[in-house]
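Worksheet: one structure, shown below.
In this note's numbering, the protein residues as written are 121 to 675.
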């Protein structure tokens, strides 16, 4: 077979026999104090048990990093699925959504899982982990995979394979005498179970939580922070997904292949509109609301949601007027900086809270107020003289921005005057029984498409800043989500196949020598599970138009 050349991050090169496994060259890696759980081979994360076939750049993936956290969580999920198959061989284990640093699971049966059954699952996982069983990866034929997953009570996994049209399937497998199990995971796993000691199972609602560490603190399970309002939205949408018989990407692909996508798009948009209408009615029922505050993480569709909420409020007799928090930046000369010396436009102190509150109080008192504008190029606030506003008896303000749920933004406004709406793209779809679709990936794909379409940014730039965006969300948005009066889900089950057409070319433009290549490859693989849908079918008022263009709203 000959030799291949491995290049390490410290510049060293060595020749080794082709098809040597990653675990066999660990002693050649540069010294590192961390625990290695995978490799980056030419910037792609792979299992330590995978053979090295071509000359490659090699880098370790160590606990305490984001890439390692992905591998660790997938591997725990695999062990859980195997344990569930051992204990409940005729019952499907179904992954739900994330809840903080945990995944929510249920058993596909009428009665909820009991605490005793959760304890049994945990004990079986501990047994598999303590035994340090190898996790093998191998290719099997399409027909073998179909037979295996149907026999393992995993019909959605089998259905997903039908739409991917591969002649062979890469599976992860336990071949131990005490656990025979295989599954497909969309990313690499650890090579052996012994490293997966840090986890917890906790009964929750009708199912249970698989809890795991934060990326930066791999030695302890992250504290549990409940989000009951977010959970209820997920639960409602999961129930709706069952009603319309679309709960996985495979089910969605089936609709596309049957040329029924137009009808499904209409169903999705109608259901979302019903939820906006319900919130508008909640506002009306309160009777004394003067300002609707809309907040949510990046690419949750805040701007379009403000337009949509205005339409629904108009339909029940209100005259909405919109103000953007961007108008109230203090200006570059007063703007705080972050630890790296860059202007921090996401912190609350970047806004002129005193001016905002005075303007709101004056408006509520019936006075005329001139609303400021902000020049981002100059970093200055200014007044045009033609942006004056008053509020009449039927008028209501809509204020959109990331700090809308934080009462420190509007400390002088009476609580009964405020109605706070939290937005996020909480997709109810999974890939299959055991592979979830992360809501953050949904938003990142939206952001990549919007940045490319309207800001001229390459995908690498959006990926590069995404960690910083998420840190800001954890500081300024997520802590306040449970204080919302209402939660609106802006995800549409058909959107990823639409966004795929726009995102894939941008992701493929990320070069292998760029640090963002690893994430770009992961997202390309993520999108490969969807059959594309033309944007021609997307309604002009859809939230998706905020990202792909062609909206009837003027942004």
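Every residue, glycine too, gets a C-beta built ideally from N, C-alpha and C.
Being a predicted model, the structure only gives us computed values, none of them experimental.
Assigned secondary structure, residue 179 (DSSP; H/G/I helix, E/B strand, else coil)
Strand.
Could you please give me the residues that DSSP links to residue 311 through a beta bridge?
DSSP output for residue 311 lists no bridge partner at all.
So, is residue 332 buried or exposed, given that buried needs 16 or more other C-beta atoms within 10 angstroms?
Buried.
Give a yes or no on whether the C-beta atoms belonging to residue 196 and residue 204 are separated by under 8 Å.
No, the pair does not count as a contact, with Cβ atoms beyond the cut-off.
Taking DSSP as the reference, what is the three-state secondary structure of residue 248?
Three-state DSSP puts residue 248 in a helix.
Please tell me whether residue 579 and residue 640 are closer than 8 Å, where the distance is taken between their beta carbons.
Yes, Cβ-Cβ distance for residue 579 and residue 640 is below 8 Å.
Smallest Cα separation from residue 174: which of 161, 310, 167?
Answer by Cα proximity: 161.
Determine the direct distance from the alpha carbon of residue 458 to that of residue 449, and round the result to whole angstroms.
Residue 449 and residue 458: Cα-Cα distance of roughly 16 Å.
Residue 687, buried or exposed, once every other Cβ within 10 Å from all chains shown has been counted against 16:
With the chain represented from 121 up to 675, any question about residue 687 goes unanswered, as that position is not in the structure.
Going by C-alpha distance, which of 644, 235, 199 is nearest residue 246?
Sorting 644, 235, 199 by C-alpha distance to the C-alpha of residue 246 places 199 at the top.
Find out if the Cβ-Cβ distance for the pair residue 347, residue 602 is shorter than 8 Å.
Yes, the Cβ-Cβ distance between residue 347 and residue 602 is below 8 Å.
Give the C-beta separation of residue 322 and residue 351 to the nearest angstrom, bearing in mind that I take them to be a contact with Cβ-Cβ under 8 Å.
So it is not a contact: roughly 13 Å between Cβ atoms.
Give a yes or no on whether the C-beta atoms belonging to residue 283 and residue 373 are separated by under 8 Å.
Inclusion of residue 283 and residue 373 in the CB contact set at 8 Å is warranted, their separation being smaller than that value.
What residue range is occupied by the uninterrupted alpha helix (DSSP H) comprising residue 566?
That run of the alpha helix (DSSP H) goes 559-575.
Which runs of the alpha helix (DSSP H), 4 residues or longer, sit entirely within the stretch 357-407?
Residue ranges of uninterrupted alpha helix (DSSP H) with 4 or more members, entirely inside the stretch 357-407 and ordered along the chain, are 369-377, 381-406.
Among the residues of its own chain, which have a CB less than 8 Å from the CB of residue 182, if the five just before and after it don't count?
Answer for residue 182: 152, 154, 155, 156, 157, 188, listed in chain order.
Closest to residue 396 by C-alpha separation, out of 633, 607, 635, 268, would be which residue?
Ranking the options by Cα distance to residue 396, first place goes to 607.
Beta carbon of residue 532, beta carbon of residue 477: below 8 Å?
The Cβ atoms of residue 532 and residue 477 sit closer than 8 Å to each other.
Bridge partner(s) assigned by DSSP for residue 141:
DSSP, once it has assigned bridges, lists 171 as partnering residue 141.
Hey, could you find the ends of the alpha helix (DSSP H) residue 625 is sitting in?
Run containing residue 625: 615-628, per the alpha helix (DSSP H) assignment.
Range of the contiguous beta strand (DSSP E) that encloses residue 637
Unbroken run through residue 637 is the alpha helix (DSSP H), 637-647; no beta strand (DSSP E).
Below 8 Å between beta carbons: does that hold for residue 385 and residue 614?
In this structure, residue 614 lies closer than 8 Å to residue 385 by Cβ.
If we count the other Cβ atoms within 10 Å of its Cβ and call it buried at 16 or more, is residue 625 buried or exposed?
When all chains shown are included, residue 625 counts as exposed.
Do residue 500 and residue 451 have their C-beta atoms closer together than 8 Å?
Yes; because the gap between Cβ atoms is below 8 Å, this pair is in contact.
Tell me whether residue 155 sits in a helix, a strand or coil according to DSSP, three-state version.
In the structure shown, residue 155 adopts coil according to DSSP, grouped into three states.
For residue 539: DSSP bridge partner residues
For residue 539, the beta-bridge partners assigned by DSSP are 412.
When you compare each of 262, 293, 292 to residue 278 by their alpha carbons, which one comes out closest?
Of 262, 293, 292, the residue nearest in Cα terms is 262.
Can you tell me where the beta strand (DSSP E) holding residue 259 begins and where it ends?
Boundaries of the beta strand (DSSP E) harbouring residue 259: 256-261, taken from the DSSP string.
Determine whether the beta carbon atoms of residue 509 and residue 410 lie at a separation below 8 Å.
Result no, Cβ atoms of residue 509 and residue 410 do not sit closer than 8 Å.
If the criterion is Cβ atoms closer than 8 Å, does the pair residue 503 and residue 495 meet it?
At the C-beta level, residue 503 and residue 495 stay beyond 8 Å of one another.
How many angstroms separate the CA atom of residue 267 from the CA atom of residue 281?
Cα to Cα, residue 267 sits roughly 11 Å from residue 281.
With the cut-off set at 8 Å, would you say residue 556 and residue 217 are in Cβ contact?
The Cβ atoms of residue 556 and residue 217 sit closer than 8 Å to each other.
Considering residue 288, what are the terminal residues of the beta strand (DSSP E) in which it resides?
It spans 288-296 - the beta strand (DSSP E) in which residue 288 sits, taken as one unbroken run.
Please state the DSSP three-state secondary structure of residue 467.
Taken through DSSP and simplified to helix, strand or coil, residue 467 comes out as coil.
Since residue 358 contacts residue 604 with CB under 8 Å, what's their CB separation in whole angstroms?
Actually they do not touch by this definition, with Cβ atoms about 20 Å apart.
Taking 8 Å as the cut-off, decide whether the C-beta atoms of residue 636 and residue 584 are in contact.
Yes, the pair counts as a contact, with Cβ atoms nearer than the cut-off.
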